[in-house]
Structures are given as structure tokens and as C-alpha cells.
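Presented below is the structure to which this report refers.
There are 2 protein chains.
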Amino acid sequence: MEEKLNLLRIHIEKMAKLTDDEWAYVSSHFKYRAFKKHQYLVQIGQPVPSEFWIVKGLVKSFAVDSDGKEHILQFGMEDYWVSDYNAYQNKVSATLHVDCIENSEFFSISIDDKEKLCREIKAMANFSRLKTTHGFIALQQRVMSHLISSAEERYNSLLSNQPGLVQRVPKKLLASYLGVSRETLSRF
Amino acid sequence: MEEKLNLLRIHIEKMAKLTDDEWAYVSSHFKYRAFKKHQYLVQIGQPVPSEFWIVKGLVKSFAVDSDGKEHILQFGMEDYWVSDYNAYQNKVSATLHVDCIENSEFFSISIDDKEKLCREIKAMANFSRLKTTHGFIALQQRVMSHLISSAEERYNSLLSNQPGLVQRVPKKLLASYLGVSRETLSRF
DNA sequence: CCGTTGGAGTGATATTCATCACATCATAAT
DNA sequence: ATTATGATGTGATGAATATCACTCCAACGG
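Residue numbers (the numbering used here), protein chains in the order written: chain B, 2 to 189; chain H, 2 to 189.
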């Protein structure tokens, strides 16, 4: 377990260095959790007390439309963070499901603890700032891809940029992530 | 000018409080700048030394595709921040233009100064973290709107959620922001 | 005041993509 | 092993949207 926690320290220190004392304090706020395939981390309509750093495994976060169809917002794998961030940050109920595609392991932290750590420890504020900035930039690029590129071009970008993900995920989920029907995707 | 700077202080302190001394130091890193309609804050291919807080005015950030068509990533108005954040944060050249739709006034700050302030002043790290978190959440919702909703539904949401913006911006720019042709939008 | 430019609407047609229906194959559960 | 379930491919059809062509009109600069 110490070993897995140390992976999280390495992840955080890619963006902001911590002293050993700070790390001892920070790490005490994370909880290790294991979930099996098909278990939900977050459910629509429920409160979202935690965000999750993925030690190992694969998850999808998705909304369900009025026809009951799933639309995937994000895949998460090793070293990613996942939650329903609107519900988590603003303490409202979830509009997304987060579901394990594989058996997975996480470290979770509550919003109150995260805000406390960011207020107390400058490095944690900066870690969180930089992590969110990277996510923000990635989302801007995803929006642009919807404005500029065809579904087929988005699929080809995904094949080049996330080959590891593509191999772990059924094509119908990739279709849902790209915003195209699985039939159309299978004709690319 | 002190008065305009004070608006920026109020904006920042909505998310994180500063002492007077901190504010004196922070504010010394911002530069007031005025641009006329049709002037560019950021140009494709150029370095992006600054991000901009909009005191007054209206801008658009957009990419240009291989057919020369514009695709609007963001509108910015009073109290918004704008830049090409990928280029700004990662010090690479811009892939977006940022252009003034109206005569506009800004406070700008360089990436090195911003990073310095965030490293030195915890409140600035937390301000920037929270601002980026809100932007991240808004972008997630925009991605979901492209996955779930038709162009007409996206347009109706925009009419409800940003009535002020709609009145200041020509419909062909709204069409470009929504990812639909101006002809199709005019038939909604 | 006139001429140019840009915003906006609309008809006709082409293209992209979704949907429905069905078939095949692999995998998982009993 | 047998059955059920899920993943994938493909043809036929329809809906949503893009594109092209044209018009009208308001704003703006000379």
C-alpha cells in the first residue's frame, strides 16, 4: 500500500514538490478503495463526496439522455483523475455516472479535505491548479475537434493519440465518446 | 485606473482573499491595455506572452480550418479571462486568434509573472485554481452538449443562458460557436 | 448622397450521419 | 455443452445539416 501511495506522491510531485512532512499530512487524507468491473463510483442523482485518482484500472464517466442512450464524457485510466466535477466541486447531485470498465483501484479524497489541503499547503494548491489547467486545455482541444473535424477525423485522432485506450475499450464506447453511432464508426 | 484595478481585486477576492500588501504586489504585475475593434490580442503562429482579464468589451477566440473557415472557441466579455491557453501555459505558438469584436480594455499578465505569483502567494494559487476549475466544468458541459443535443437545442440553451451575449454578437458568430452553419441557424 | 460591405433570410440540392433490421462471431453464465 | 449476451459489421432508408445561389436591407465611409 505504501508503494501505491508513493505512486500518487510521484504524480503530484511532477507538478509541485512536497516536503516529507507535508506528504505525510496530505497522504493521510486519501483513502484506498478497490472496485470491481461494473461497479459505480458515482451515480446520477446521488451526492458526489469524492474524486478518485486511478491507481490501476479503467472507468468511464457518462450521461444518459432522454432516450436512455449513454454519452461518454471521459475515460479514465492509470494516473488519471475522475469524478463528476460539477457535482463534486459545487456539492450538488450527480448528473453523470462513473462506472468501472475493469476491476480498478483508487485513492479517493473528499471535496472538503481537498479544499482544506489547498488552503493549508501551497504546493497542493499549485498541484491542483496545474492539473486542472491541463484538463482545461485538453477540453478546449476536444471542443475544437467537434467544431472543426468530422467524426471520422476525430476517430483517427483518437487512434493516433490514445492507442492504448483504444485497445482496452469496445468500439461502441469509443463511438459514444466521439459522438457518433456505433454503426457509422464501424464503417470508417 | 485605480478604480478599474479595484474591479480586478474584487473579481479575484470572490475566490480568495488578499491582504492589502499582497494586492499591492499582485496588482503591480498587471498591465492595463486598450484595443480597438478588429485588433488582435493573439495571432495564430505567434508567441502568446499574456492572458487578459476583460475590464470592458467583447472578444472572440477562434481557429481557422483548412478551408479558411472560422470556428469560435470562446466569447469573452466583462469579467472573463481570455488567451490561447495552450500556447500561453506551454509557451508554444498560438493556434488561435483572439480578436476584439468591440473596443475593449484589459489587464494583462505574463505567464512567468502568473506562475511566480502563484508560487509566492497562496491566495493567488487558489484563485487561479478555482477559476480554472469553473472553466473546466463549463467546458465539460459544452462537450456534453455536443454529444447529447442537436444544434437547435444548443442554440436554445445559449439564448436562455447567455441572453446578454446573444444581443451583442452577430448570428453568424453564434453559429460558428455552436458548430452549425449560419443558414441552418437562421432556420431555427 | 451614393456605393460598398456585412448581416440575415430562403429555396434547391448534396452530404453526412442516425436509425432500423438483420447476420455473424466471440465470450460469459448456467 | 448449451444458451444467453455482447461486440461487430452491413444494407436500406430517413433525418439533420451543409453547401450553393440568390435576395433584401441596414450601416458606414467616402
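By construction, the Cβ of each residue, glycine as well, lies at the ideal position given by its N, Cα and C atoms.
Run the CB neighbour count on residue i, radius 10 Å, all protein chains shown included, and call it buried at 16 or more, exposed below.
| i | result |
| --- | --- |
| H/H1 | An answer regarding residue 1 of chain H cannot be provided, because it is not within the stretch 2 to 189 covered by chain H. |
| B/E52 | buried |
| H/G165 | exposed |
| H/M125 | buried |
| H/S187 | exposed |
| H/T133 | buried |
| B/R130 | buried |
| B/L160 | exposed |
| B/M2 | exposed |
| H/D113 | exposed |
| B/G69 | exposed |
| B/R143 | buried |
| H/R155 | buried |
Would you mind telling me which residues of chain B sit closer than 8 Å to residue i, beta carbon to beta carbon, in chain order?
| i | result |
| --- | --- |
| H/F76 | Those within 8 Å of H/F76 in chain B number zero; the least Cβ separation is about 13 Å. |
| H/M145 | A64, H72, L74 |
| H/G180 | H147, L148 |
Measure from the alpha carbon of residue i to the alpha carbon of each residue in the options, then state which is nearest.
| i | options | result |
| --- | --- | --- |
| B/M145 | H/H72, H/L160, H/K172, H/G77 | H/H72 |
| B/F189 | B/S151, B/F107, B/E3, B/S67 | B/S151 |
| B/S67 | H/L148, H/G136, H/D100 | H/L148 |
| B/T20 | B/A95, B/D114, B/A64, B/I122 | B/I122 |
| H/K115 | H/F128, H/F107, H/N104 | H/F128 |
| H/H12 | H/V181, H/E79, H/A95, H/N162 | H/E79 |
| B/K5 | B/S177, B/Q142, B/S182, B/E106 | B/E106 |
| B/L9 | B/S182, B/E103, B/T185, B/I110 | B/I110 |
| H/Q168 | H/E23, H/S182, H/E103 | H/E103 |
Chain B partners of residue i, CB-CB under 7 Å?
| i | result |
| --- | --- |
| H/D22 | Residues of chain B passing the Cβ test: none, with the nearest at roughly 17 Å. |
| H/D66 | I149 |
| H/I138 | Y86, N87, Q90 |
| H/Q47 | Within chain B, no residue comes near H/Q47; the closest Cβ sits about 18 Å away, beyond 7 Å. |
Find the residues of chain H that neighbour residue i, judging by a C-beta separation of less than 7 Å, and give them in chain order.
| i | result |
| --- | --- |
| B/A126 | K123, A126, N127, R130 |
| B/W119 | In the sequence as presented, Trp is not what sits at residue 119 of chain B; that position holds Cys. Those are N127, R130, listed as they occur along chain H. |
| B/Q163 | Neighbours of B/Q163 on chain H: none; closest Cβ ~16 Å, over 7 Å. |
Would you mind telling me which residues of chain H sit closer than 8 Å to residue i, beta carbon to beta carbon, in chain order?
| i | result |
| --- | --- |
| B/T133 | R130, T133, T134, F137 |
I want to verify the contact list: residues of chain B whose CB lies under 9 Å from the CB of residue i, in sequence order.
| i | result |
| --- | --- |
| H/Q40 | Those do not exist, as H/Q40 stays about 23 Å from chain B at its closest Cβ, beyond 9 Å. |
| H/Q168 | Going along chain B, no residue has its Cβ under 9 Å from H/Q168, so there is no contact; the nearest lies around 23 Å. |
Between residue i and residue j, which are expected to be in contact by the criterion C-beta below 8 Å, what is the C-beta distance as a whole number of angstroms?
| i | j | result |
| --- | --- | --- |
| H/Y86 | B/F137 | 7 Å |
| B/V60 | B/F108 | That belief does not hold up - the Cβ atoms of B/V60 and B/F108 are roughly 14 Å apart, past 8 Å. |
| H/V170 | H/F76 | 7 Å |
Length-filtered (4 minimum) alpha helix (DSSP H) runs lying within the region 78 to 134 of chain H: 86 to 91, 112 to 121
Inside the region 148 to 180 of chain B only - alpha helix (DSSP H) runs reaching at least 4 residues: 152 to 162, 164 to 169, 172 to 179
Give the list of continuous beta strand (DSSP E) stretches no shorter than 3 residues that lie fully inside the region 38 to 77 of chain H. 41 to 43, 51 to 57, 60 to 65, 71 to 77
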